[in-house]
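Chemist: Below are the structure tokens for one structure; questions will follow.
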Amino acid sequence: MNVPPPSAPSQSGSLSGFLKKHDFIIRRLHSLSGLVPVGAYMCVHLVTNSSLNGGPAVFQNAVFAIHSLPFLPVIEWTFIFLPILFHAIVGVWIARSGQSNLRNYRFTSNKRYWAQRMTGYIAFAFIFTHVLHLHGWFHWDWWLGFVEPLGMAQFRPYNAASSLAEAMKSLGFVWPLFYLVGVLACVFHLANGIWTAGITWGVWVSPSAQKRASVACSIFGVLLGLAGLSSLAAVSRTDPATAKAIEDQMYKVRVDGHMIQPNEHKRSDGHHTGSSDPSHNGTVSANEPK
9 MNVPPPSAPS QSGSLSGFLK KHDFIIRRLH SLSGLVPVGA YMCVHLVTNS
59 SLNGGPAVFQ NAVFAIHSLP FLPVIEWTFI FLPILFHAIV GVWIARSGQS
109 NLRNYRFTSN KRYWAQRMTG YIAFAFIFTH VLHLHGWFHW DWWLGFVEPL
159 GMAQFRPYNA ASSLAEAMKS LGFVWPLFYL VGVLACVFHL ANGIWTAGIT
209 WGVWVSPSAQ KRASVACSIF GVLLGLAGLS SLAAVSRTDP ATAKAIEDQM
259 YKVRVDGHMI QPNEHKRSDG HHTGSSDPSH NGTVSANEPK
């Protein structure tokens, strides 16, 4: 009797086997990456955006400070892009491999587990679209020439408040509503994720400790959510023309004072296509307030 040779494992099966074999360490790294650097970056990001409540000049100063950082693309990819991709990909795998008992056991913890999965999906879609809307994913001229006419890649770091306001108002209530849902989903996902991470890492084990931690995480979520909502409100109050006049004056002062290098790509009046600006590269800047 001839026995057929065993078939080679599929690529998807090999990946699934790898994830299952290293399940413990992968889940711990996923939990840690959600706190640092992804969660920490989100806090800085939302708080920085809320500085727009102080006016276009305050917000523009924050952007100038960010763009003065050396090796910015390296920082972005090492501490922002790659950790977000890792956290998102592993998070989807965990969510798809897990089972919620919401229908059978309507306990608060299980509802939070279900909400964590749902807000994770929403946050992933939001961040994906958000970066496209304001930064276009990539800064190659040929790519920007394609996405900008579609209303994408609208943010200009040296005209921060004015370009952000114009981008948010371009489709009426659509973008503000999209950002409202996305920001709240991200905030809940982080605040609830901190609570679950504390359980995962054994920081709060007893029911009483978990209850106290739940209150603390809820307060944190409310405060961070208010920071995000206040930035959306500030954008809605911003007059693009007035803000641009302030930003252009600040840009001129810094260029004349040799504090920054001229870069028309980062201004609303700049033209991407056919530019030979050596400072322009193909990387999106995630550190720009959005």
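In terms of our numbering, the sequence shown opens at residue 9 and continues consecutively.
Note that CB positions come from ideal geometry on N, CA and C, so glycine has one too.
1. Touch check for the segment 182-191 and the segment 259-268: three-plus C-beta pairs under 8 Å?
2. Going by beta carbon distance, what residues of the same chain come within less than 6 Å of PHE228, once the five residues before and after it are set aside?
3. Using the C-alpha atoms, what's the distance from HIS197 back to THR127?
4. Closest to CYS194 by CA distance: which of HIS30, GLY63 and ALA48 is it?
5. Given that a residue counts as buried once 16 or more other Cβ atoms are within 10 Å of its Cβ, and exposed if not, what is PRO248?
6. In this structure, how does DSSP classify PHE136 when only helix, strand and coil are distinguished?
7. Is it buried or exposed, PHE67, if we count other Cβ atoms within 10 angstroms and call 16 or more buried?
8. Any contact between the segment 140-157 and the segment 48-65? By contact I mean 3 or more CB pairs, one from each, below 8 Å.
9. If we call anything under 7 Å between Cβ atoms a contact, is SER41 one with PHE87?
10. Take ARG104 as the anchor and find which of GLN124, PHE89, TRP85 and LEU90 has the nearest alpha-carbon.
11. Is the beta carbon of ILE207 less than 7 Å from the beta carbon of CYS225?
12. When the Cα atoms are used, what is the spatial distance from SER283 to ASN167?
13. Does the Cβ-Cβ distance between ASN69 and SER238 come in under 7 Å?
14. Which one of ALA251, PHE26, HIS30 and LEU37 has the shortest CA to CA distance from TRP209?
15. Specify, as a first and last residue, the run of the alpha helix (DSSP H) that ASN271 falls within.
Modeler: Straight from the coordinates:
1. no
2. For the purposes of this step, residue 228 is taken as the residue at position 220 of the sequence shown. Same-chain partners within the cutoff: ALA199.
3. Position 119 of the sequence shown, counted from the start, is the residue given in the question as residue 127. Position 189 of the sequence shown, counted from the start, is the residue given in the question as residue 197. The alpha-carbon atoms of THR127 and HIS197 are separated by roughly 6 Å.
4. One-based indexing of the sequence shown puts residue 194 at position 186. Here the closest residue by C-alpha is ALA48.
5. Your numbering for residue 248 matches position 240 in the sequence shown. Its Cβ being crowded by 16 or more others within 10 Å, PRO248 is buried.
6. As a working note, residue 136 is residue 128 in the sequence shown. Helix.
7. To locate residue 67, count along the sequence shown from 1; it is residue 59. That one is buried.
8. no
9. Mapped onto the sequence shown, residue 41 falls at position 33. Mapped onto the sequence shown, residue 87 falls at position 79. Going by C-beta atoms, SER41 is not nearer than 7 Å to PHE87.
10. Taking the first residue of the sequence shown as position 1, residue 104 is located at position 96. Considering only alpha carbons, the answer is GLN124.
11. One-based indexing of the sequence shown puts residue 207 at position 199. One-based indexing of the sequence shown puts residue 225 at position 217. No, Cβ-Cβ distance for ILE207 and CYS225 is not below 7 Å.
12. For this step, residue 283 is matched to residue 275 along the sequence shown. For this step, residue 167 is matched to residue 159 along the sequence shown. Confidence in SER283 is poor, its pLDDT being 44 and thus under 50, which makes the residue's placement unreliable; the coordinate value appears in the next sentence. One C-alpha to the other measures close to 19 Å.
13. On the sequence shown, position 61 is the one that residue 69 refers to. On the sequence shown, position 230 is the one that residue 238 refers to. No, the Cβ-Cβ distance between ASN69 and SER238 is not below 7 Å.
14. Within the sequence shown, residue 209 is the residue found at index 201, counting from 1. Comparing Cα positions, the closest option is LEU37.
15. By 1-based counting over the sequence shown, the position of residue 271 is 263. Note, ASN271: premise wrong, no alpha helix (DSSP H); not H, not E.
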